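Let me begin by presenting the structure, written as structure tokens, before commenting on it.
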Amino acid sequence: MSVPYETTAYEPAESPESPEEHLARLLRRALNSFELPDEAIRQLDCALAHDSSLHSAHHSAGLHRETYRHTWLLADGSAVTFWELVHNTAPGSDPQHEVYTDEEELRAATARLPLPPDTPDFELPVLTQLSPLPEPRHAYVPDDSADHARRLLRRAENPDRPDAETAGLLATAFAHQITQAFGRPGRAGRVGLSYSLYEHAFLLRDGKELSLWEVEHTATPDGRHMCEVYATEDAARDAMERRATRHC
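Residue numbers (this note's numbering): 641 to 888.
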């Protein structure tokens, strides 16, 4: 019959791994890693983040089988999934690891295992499905994005610019994209004034996104360009509106 899941059946990481290290460890322990398509592995060269989860498990009469889902988030916003099968049904009862790029191949390999057919799988409620990685809204470019965030915040002159907590999150940025957000303040303001609004979108190490909104304008006493940075688009547009109203 089914028994509670034993975490020792799966080799845990001793410390946080990079996507590359996680892939290397997975391939090292897989008996069939040489069968994996080179193209599938090459896709992970630019992986920005990864996540793993127990998908299902089967424990019966001293035999066990677990399947794991390993997902990598790529710089273009797509995701690649590998499926790992771990079992002790081979002679000697030592755990065997196999990796597949297709869930159908995983099912076929699982069906070949000499496990009692009348014992159903059990799935852990919390770990049954991998929490989906959010699909990025931007076409990110891997770059020195953490430094870009530091420089952006450093040149911001508004006192209500994003705080140190936001700066700490941006220290883990792997990629970013800058886009101009169009639309002027409701009032045209003084002739000769210019306003520009930019979104600086960052992709963080954990796959999350964080955007800063930069307002560049010349609504200053001497007409020089000024940079202000806000945590939300609404806050940035409100600042533009206040500036335009003040200089009508």
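Beta carbons are placed, not taken as given, at the ideal position from N, Cα and C, and that holds for glycine. Model, not experiment: these values are computed from the prediction.
* **Within the segment 653-726, ranges of the beta strand (DSSP E) (whole runs, at least 3 residues)** => Runs of the beta strand (DSSP E) lying entirely within the segment 653-726 and spanning at least 3 residues, in chain order: 687-700, 703-714.
* Nonlocal neighbours in the same chain, by C-beta distance under 6 Å from Leu663, ignoring five residues either side -> Here the set comprises Leu684.
* To do: Would you tell me roughly how many angstroms separate the C-alpha atoms of Ala881 and Ala875, rounded to the nearest one?
  => Reading the sequence as shown, one finds Glu at residue 881 and not Ala. Roughly 10 Å separates the two Cα atoms.
* Just the C-alpha distance for Phe814 and Ser785, rounded to the nearest angstrom, thanks. => Rounded to the nearest angstrom, the two C-alpha atoms are 6 Å apart.
* To do: Quick one: using the 10 Å Cβ neighbour count with 16 as the cut-off for buried, is Glu805 buried or exposed?
  => Exposed, by the Cβ-count rule.
* Return helix, strand or coil for Tyr870, following the three-state DSSP convention. => DSSP, reduced to helix, strand and coil, places Tyr870 within a strand of the structure shown.
* Could you name the residues of the same chain whose beta carbon sits closer than 6 Å to that of Ser718, not counting the 5 residues immediately before and after it, in chain order? => Result list for Ser718: empty, nothing under 6 Å.
* Per DSSP, the bridge partner or partners of Thr819 -> Within the DSSP secondary-structure output, Thr819 pairs in a beta bridge with Glu839.
* Would you kindly report the start and end of the unbroken alpha helix (DSSP H) that includes Glu849? => Taken as a continuous stretch (DSSP letters only), Glu849 belongs to no alpha helix (DSSP H), being part of the beta strand (DSSP E) at 849-857.
* Three-way DSSP call (helix, strand, coil) for His788 in this model -> In this structure, His788 counts as helix in the three-state DSSP scheme.
* To do: Excluding the 5 residues preceding and the 5 following His727 in the sequence, name in chain order all residues of the same chain whose CB lies nearer than 6 Å to its CB.
  => Contacts found: Arg705, Gln736, Leu753.
* To which residues does DSSP link Ala813 through a beta bridge? -> According to DSSP, which records beta bridges pairwise, Ala813 is partnered with Leu844.
* Compare the C-alpha of Glu893 against each of Pro677, Arg864, Thr812, Arg845 and name the closest. => Given that the chain is displayed from residue 641 to residue 888, the structure contains no residue 893 and the question cannot be resolved.
* May I have the straight-line CA-CA distance separating Val855 from Val739, to the nearest angstrom? => C-alpha separation (whole angstroms): 49 Å.
* With Glu738 as the anchor, note down where its beta strand (DSSP E) starts and where it stops. => Per DSSP, Glu738 belongs to the beta strand (DSSP E) from 736-740.
* To do: Can you give me the start and stop residues for the alpha helix (DSSP H) that Glu797 sits inside?
  => From DSSP, Glu797 is part of no alpha helix (DSSP H); its letter is neither H nor E.
* To do: List the residues that DSSP assigns as beta-bridge partners of Pro782.
  => Its beta-bridge partners are Ala815.
* Closest residue to Ser658 among Gly847, Arg877, His857 (Cα-Cα distance) -> The shortest C-alpha to C-alpha distance from Ser658 to any of Gly847, Arg877, His857 is the one to Gly847.
* With DSSP collapsed to three states, give me the class of Thr806. => If DSSP states are grouped into helix, strand and coil, Thr806 belongs with the helices.
* To do: Whole angstroms is fine: what's the gap from Ala811's alpha carbon to Arg794's?
  => When rounded, the distance between both Cα atoms is 14 Å.
* Asked: Tell me which same chain residues have a C-beta within less than 8 Å of the C-beta of Leu773, skipping the five on either side of it?
  -> Its pLDDT being 48, under 50, Leu773 is placed unreliably by the model, and the measurement read from it follows with that caveat. Around Leu773: Ala689, Asp691, Thr711, Leu713, Ala719, Gly847.
* Asked: Should His816 and His788 be called a contact, given that it needs their Cβ atoms to be closer than 9 Å?
  -> For the pair His816 and His788, the CB atoms are nearer than the 9 Å cut-off.
* Asked: Per DSSP, what kind of secondary structure is Ala748 in: helix, strand or coil?
  -> Residue state for Ala748 is assigned as helix, using DSSP reduced to three classes.
* To do: Answer yes or no: do Val595 and Pro802 have a C-beta to C-beta separation smaller than 9 Å?
  => Outside the modelled stretch of the chain, which goes from 641 to 888, sits residue 595, for which no answer is possible.
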